[in-house]
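Since the structure comes first, as structure tokens, the remarks are kept for the end.
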Amino acid sequence: ITRYMWMVLFVALCGYIFDAFEVMLYSNALVDIKKEFSFNFAGSGTVMTLSLLGYAIGGMFWGPLTDKIGRIRVMIYTVLGYAAFTGLTALSWNAMSLICFRFLMGFFAGGEWAAGAALITETWPPKYRGKVMAVMQCGWPIGAILASLVYAGVAPTWGWRWVFVSGILPALLVFWIRMSLKESERFVEYKKSEQKPVSWVEIFKGKYLKRTIMYILISFIGLLGYWCIMSWIPSMLRADRGMTIFASSMWFIIINVGCMIGYLTFGVVADRLGRRPTFTIYWLAAMVFAPLFAFYALSPAVMLPVGFCLGISMGYFSGYPMYGSELWPTWLRATGMGI
Numbered sequence: 009i010t011r012y013m014w015m016v017l018f019v020a021l022c023g024y025i026f027d028a029f030e031v032m033l034y035s036n037a038l039v040d041i042k043k044e045f046s047f048n049f050a051g052s053g054t055v056m057t058l059s060l061l062g063y064a065i066g067g068m069f070w071g072p073l074t075d076k077i078g079r080i081r082v083m084i085y086t087v088l089g090y091a092a093f094t095g096l097t098a099l100s101w102n103a104m105s106l107i108c109f110r111f112l113m114g115f116f117a118g119g120e121w122a123a124g125a126a127l128i129t130e131t132w133p134p135k136y137r138g139k140v141m142a143v144m145q146c147g148w149p150i151g152a153i154l155a156s157l158v159y160a161g162v163a164p165t166w167g168w169r170w171v172f173v174s175g176i177l178p179a180l181l182v183f184w185i186r187m188s189l190k191e192s193e194r195f196v197e198y199k200k201s202e203q204k205p206v207s208w209v210e211i212f213k214g215k216y217l218k219r220t221i222m223y224i225l226i227s228f229i230g231l232l233g234y235w236c237i238m239s240w241i242p243s244m245l246r247a248d249r250g251m252t253i254f255a256s257s258m259w260f261i262i263i264n265v266g267c268m269i270g271y272l273t274f275g276v277v278a279d280r281l282g283r284r285p286t287f288t289i290y291w292l293a294a295m296v297f298a299p300l301f302a303f304y305a306l307s308p309a310v311m312l313p314v315g316f317c318l319g320i321s322m323g324y325f326s327g328y329p330m331y332g333s334e335l336w337p338t339w340l341r342a343t344g345m346g347i
């Protein structure tokens, strides 16, 4: 294990932290934005839906591009993009401008994850892959916690717009990426060899068809569960449970601390039991704790353990970069993971 391997992991982790930070700022600010733009909850959810649609389109666009031009260049472009459009969200003057800025933020954020995961896969030895990917995946709850802390510290005094101004800061990561990282040797060797066509259509051909379909299905299950729950928790705690901005942020942090533990333990369990049994265990846990939190955790004494366990059950997200990085060769890796 070299110093450079740790550097790759740390930079990819930071990229994913800020990825989550930019996305989850909206979940924290949703109630305030709802008031200013006279949205109902359906309208507020539509803005989040369209930003996630941008995320999906971004995954399809940036994945093949990552396999064409390299992991480092795409990380630079996507970090700059999601930082810029998060900052521009603060200037939103009506619902349409808000939707456009959030969609474009998602478009760039959707490409960073696959590029970082591919770079780690091609830099670290296979026997450490489960644990290393679990550490990278912890970037998401760390970013969500950071979004809650910034919102709780800035919004009560300065308003929600200044919260999004803070989203410009991750652009500084680009200078670190340019100075510290280089393309993986595997990718460089592939570029020197005979070039193969890079397109998301390729992952639906031949032996890759079944792998791609199964990966899309397990991703769909996990993403549906996560976004239906986590998008709404901050606003639910304020609107339904009557909590203050500070209190709802603290509860959201508790849930995301549980997520971090879940992400880390998934990597350990998956290396011992295998990918499929571990996915099953965590999905079943989420199936139990999500409705418990929504309908029965009405007092703080019950919310604390149930919310914490709900966060742990979300640990299945560590399985996506771990499992996905093993399904496709170098020339299709980011393409498959992106879609």
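Each number in this note's numbering comes from the position in the sequence shown (counting from 1) with 8 added on.
No residue lacks a Cβ here, since even glycine has one placed at the ideal position from N, Cα and C.
All of these numbers come straight from a predicted model, not from anything done at the bench.
If we ignore side chains and look at the alpha-carbon of each, how far apart do residue i and residue j end up?
| i | j | result |
| --- | --- | --- |
| Ile-80 | Ala-28 | 19 Å |
| Ser-333 | Phe-316 | 29 Å |
| Leu-58 | Asn-48 | 16 Å |
| Leu-157 | Leu-21 | 19 Å |
| Phe-228 | Leu-154 | 26 Å |
| Gly-95 | Leu-38 | 16 Å |
| Gly-66 | Tyr-136 | 29 Å |
| Trp-339 | Tyr-198 | 7 Å |
| Val-143 | Leu-272 | 6 Å |
| Thr-10 | Phe-45 | 51 Å |
| Phe-172 | Tyr-159 | 9 Å |
| Ser-35 | Gly-147 | 17 Å |
| Thr-252 | Arg-169 | 18 Å |
| Val-16 | Val-31 | 23 Å |
| Ile-351 | Met-345 | Residue 351 lies beyond the range of the chain shown here (9 to 347); nothing can be said about it. |
| Leu-217 | Pro-242 | 39 Å |
| Gly-266 | Phe-260 | 10 Å |
| Tyr-331 | Phe-274 | 12 Å |
| Ala-230 | Gly-319 | In the sequence as presented, Ala is not what sits at residue 230; that position holds Gly. Taking the straight line joining both Cα atoms gives about 13 Å. |
| Thr-288 | Gly-167 | 42 Å |
| Tyr-304 | Ile-211 | 43 Å |
| Ala-306 | Ile-176 | The question names Ala, but residue 306 is Leu in the sequence shown. Answer to the nearest angstrom: the Cα atoms are 37 Å apart. |
| Ser-207 | Ala-152 | 32 Å |
| Ile-262 | Gly-214 | 45 Å |
| Ser-52 | Ser-201 | 49 Å |
| Gly-161 | Phe-93 | 22 Å |
| Thr-131 | Pro-337 | 14 Å |
| Trp-14 | Glu-191 | 15 Å |
| Ser-257 | Ala-247 | 13 Å |
| Ala-64 | Leu-127 | 20 Å |
| Asn-264 | Leu-73 | 32 Å |
| Thr-129 | Ser-326 | 13 Å |
| Lys-42 | Ala-298 | 25 Å |
Let's test the definition: count the other Cβ atoms within 10 Å of the Cβ of residue i and tell me whether it reaches 16, buried, or not, exposed.
| i | result |
| --- | --- |
| Thr-220 | buried |
| Cys-236 | exposed |
| Tyr-324 | buried |
| Pro-133 | exposed |
| Glu-193 | exposed |
| Asp-75 | buried |
| Tyr-290 | buried |
| Val-196 | exposed |
| Val-209 | exposed |
| Leu-225 | exposed |
| Thr-165 | exposed |
| Gly-250 | exposed |
| Phe-183 | exposed |
| Asn-102 | exposed |
| Tyr-1 | Not covered by the structure: residue 1. The range shown for the chain is 9 to 347. |
| Ser-100 | buried |
| Tyr-12 | exposed |
| Met-104 | exposed |
| Gly-62 | buried |
| Leu-281 | exposed |
Please state whether the Cβ-Cβ distance between residue i and residue j is less than 8 Å.
| i | j | result |
| --- | --- | --- |
| Leu-245 | Gly-23 | no |
| Val-82 | Ala-123 | yes |
| Ile-150 | Met-268 | yes |
| Met-56 | Ser-174 | no |
| Gly-71 | Ala-342 | yes |
| Phe-109 | Thr-97 | yes |
| Ile-351 | Met-68 | Residue coverage of the chain in this structure runs from 9 to 347, which leaves residue 351 outside it and unanswerable. |
| Lys-139 | Asp-40 | no |
| Phe-26 | Pro-178 | yes |
| Leu-300 | Val-314 | yes |
| Leu-335 | Tyr-234 | no |
**Study point:** Segment contact, 8 Å Cβ cut-off, at least three pairs: the segment 114–134 with the segment 86–103
**Key:** yes
Practice item. Answer yes if the segment 181–189 comes into contact with the segment 300–313, meaning at least three C-beta pairs across the two stretches below 8 Å, and no otherwise. Key: no
Exercise for review: Check whether the segment 88–104 touches the segment 289–297, taking contact to mean three or more Cβ pairs, one atom from each stretch, closer than 8 Å.
Suggested key: no
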